[in-house]
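Following numbering that gives the first Met the number 0, the numbering of the sequence shown begins with 0 at its first residue and continues without gaps. Every residue, glycine too, gets a C-beta built ideally from N, C-alpha and C. Before any comments, here is the structure.
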Amino acid sequence: MSHLLIGNWKMNLGSSKGGELATAIRETITPTSGTDIWIAPPFTSISNVSNSLKGSNIKFGSQNVHWEDHGAFTGEVSIPMLKELGCTFVIVGHSERRKYFGETNNIVARRASAALRAEMYVAYCIGETLEERAKGQTNTIIQEQLDPIIYHLRPGEEKFLVISYEPAWAIGSGNVAPVEEIEKVHQFIKDYWKDTVTSSIRTNCPKILYGGSVVPENFAPIIASNLVDGALVGGASLSAQKLKALFDISEAALKL
Ligand code: PGA
Numbered sequence: 000m001s002h003l004l005i006g007n008w009k010m011n012l013g014s015s016k017g018g019e020l021a022t023a024i025r026e027t028i029t030p031t032s033g034t035d036i037w038i039a040p041p042f043t044s045i046s047n048v049s050n051s052l053k054g055s056n057i058k059f060g061s062q063n064v065h066w067e068d069h070g071a072f073t074g075e076v077s078i079p080m081l082k083e084l085g086c087t088f089v090i091v092g093h094s095e096r097r098k099y100f101g102e103t104n105n106i107v108a109r110r111a112s113a114a115l116r117a118e119m120y121v122a123y124c125i126g127e128t129l130e131e132r133a134k135g136q137t138n139t140i141i142q143e144q145l146d147p148i149i150y151h152l153r154p155g156e157e158k159f160l161v162i163s164y165e166p167a168w169a170i171g172s173g174n175v176a177p178v179e180e181i182e183k184v185h186q187f188i189k190d191y192w193k194d195t196v197t198s199s200i201r202t203n204c205p206k207i208l209y210g211g212s213v214v215p216e217n218f219a220p221i222i223a224s225n226l227v228d229g230a231l232v233g234g235a236s237l238s239a240q241k242l243k244a245l246f247d248i249s250e251a252a253l254k255l
């Protein structure tokens with residue numbers, strides 16, 4: 000078993016500040032075979048982050064990607080463009096993309112399957128809103144978000160896929176989800192994967208991360224769960240010290 004921590008910087012830190020933080024992270028953390036670290040800066044900071052991380056095994060990637068290689072898609076960035084910079088992964092379907100930019104399950108799945116086809120790792124974000132949870136719709140929403148990517152998945156591609164469960168109500172709110180609630184949804188995802196995918200293309204469920212207000216103070220019980228393979232971290236990933244603290248907690252949990 001191994002863990003993965005993804006730092007999602009969102010729309011924070013331009014090129015020079017991003018490069019500085021990546022240098023600080025590199026000097027503070029040495030990823031092990033136990034816990035991987037991936038960093039997702041804004042597009043314009045990727046180059047500098049790449050320079051700062053040269054020679055380290057911390058990976059970097061982007062917060063979104065288009066499914067076409069080039070063309071008239073104003074404001075979008077393609078897989079070959081990201082690969083040219085050395086990106087090895089993309090985040091897709093973040094709840095902020097869904098909420099503020101109207102990204103649907105189909106759009107998210109198109110982005111993800113193009114990246115998987117190009118052998119880029121994909122952090123595929125799913126999760127319910129507070130309203131959906133209150134109506135008891137969590138599992139239905141998760142299922143609807145998973146279906147289009149499962150439908151497009153080809154054998155072998157699952158090894159590039161990471162599922163990130165991020166209840167929208169927990170993101171940036173300071174309200175981390177209770178461990179039992181995280182476990183219930185992660186178990187549901189595993190069962191659903193087994194029922195729908197394993198029987199047809201015989202693949203194990205990908206890693207499942209949790210995201211939403213993860214900080215060093217609340218992370219230990221979350222990562223101690225056998226159902227949690229890591230975290231997608233927003234705010235706390237903007238500090239090398241906090242990321243290092245999360246890394247140490249993850250390493251300690253692997254030894255439990
Ligand atoms: P947060 O963001 O850690 O700041 O809540 C999480 C995320 O957006 O994935």
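Please check the pair residue 50 and residue 17, which I expect to be a contact at CB under 8 Å, by giving their CB distance rounded to whole angstroms.
Walking along the sequence shown from the start, residue 50 turns up at place 51. Walking along the sequence shown from the start, residue 17 turns up at place 18. Wrong, their Cβ atoms sit about 10 Å apart, outside the cutoff.
Buried/exposed call for residue 205, threshold 16 Cβ in 10 Å
In the sequence shown, the residue the question calls residue 205 occupies position 206. Buried, since its Cβ has 16 or more Cβ neighbours within 10 Å.
Exposure of residue 210, with buried meaning 16 or more beta-carbon neighbours within 10 Å:
On the sequence shown, position 211 is the one that residue 210 refers to. Classification of residue 210: buried, given that the 10 Å Cβ count is 16 or more.
Can you grab the Cα-Cα spacing for the pair residue 252 / residue 184, in whole Å?
Here the question's residue 252 lines up with position 253 in the sequence shown. Here the question's residue 184 lines up with position 185 in the sequence shown. Spanning the two alpha carbons is a distance of roughly 20 Å.
So residue 231 is in the beta strand (DSSP E); what residue range does that whole segment cover?
Translated into positions along the sequence shown, residue 231 becomes position 232. Residue 231 -> beta strand (DSSP E) spans 229-232.
On the three-state DSSP scale, how would you describe residue 151?
As a working mapping, residue 151 is identified with position 152 in the sequence shown. Helix at residue 151.
Three-way DSSP call (helix, strand, coil) for residue 68 in this model:
Sequence index remark: in the sequence shown, residue 68 carries index 69 (1-based). Coil, per DSSP.
Same chain, Cβ closer than 6 Å to residue 239, five either side skipped, listed in chain order
Position 240 of the sequence shown, counting from 1, holds the residue named residue 239. Within the same chain, residue 239 has close Cβ partners 23, 24, 27.
Just to confirm the assignment, what range does the beta strand (DSSP E) spanning residue 4 have?
For this step, residue 4 is matched to residue 5 along the sequence shown. Following the DSSP letters along the chain, one finds residue 4 inside the beta strand (DSSP E) bounded by residues 2-7.
Return yes when at least one heavy atom of the ligand PGA lies under 8 Å from the C-beta of residue 121, else no.
Residue mapping note: residue 121 aligns to position 122 of the sequence shown, counting from 1. The ligand PGA never approaches residue 121 closely enough for any of its heavy atoms to be under 8 Å from the residue's Cβ.
Write down every uninterrupted run of the beta strand (DSSP E) in the segment 171-232 whose length is 3 residues or greater and which is fully enclosed by it, in chain order.
206-210, 229-232
Evaluate the contact criterion for the segment 80-87 versus the segment 119-138: three or more CB pairs, one atom per stretch, below 8 Å.
yes
Using C-beta distances below 7 Å, list every residue in its chain close to residue 248, excluding the 5 sequence neighbours before and after it, in chain order.
The count along the sequence shown starts at 1 and reaches residue 248 at position 249. Taken in chain order, the residues that qualify are 215, 218, 219, 222.
Determine the extent of the beta strand (DSSP E) in which residue 48 is found, giving its start and end residues.
Residue 48 sits at position 49 when you count from the first residue of the sequence shown. From DSSP, residue 48 is part of no beta strand (DSSP E) but of the alpha helix (DSSP H) over 45-52.
Could you check if residue 126 is buried or exposed, using at least 16 other CB atoms within 10 Å of its CB as the buried criterion?
Here residue 126 is taken as the residue at index 127 of the sequence shown, counted from 1. Buried.
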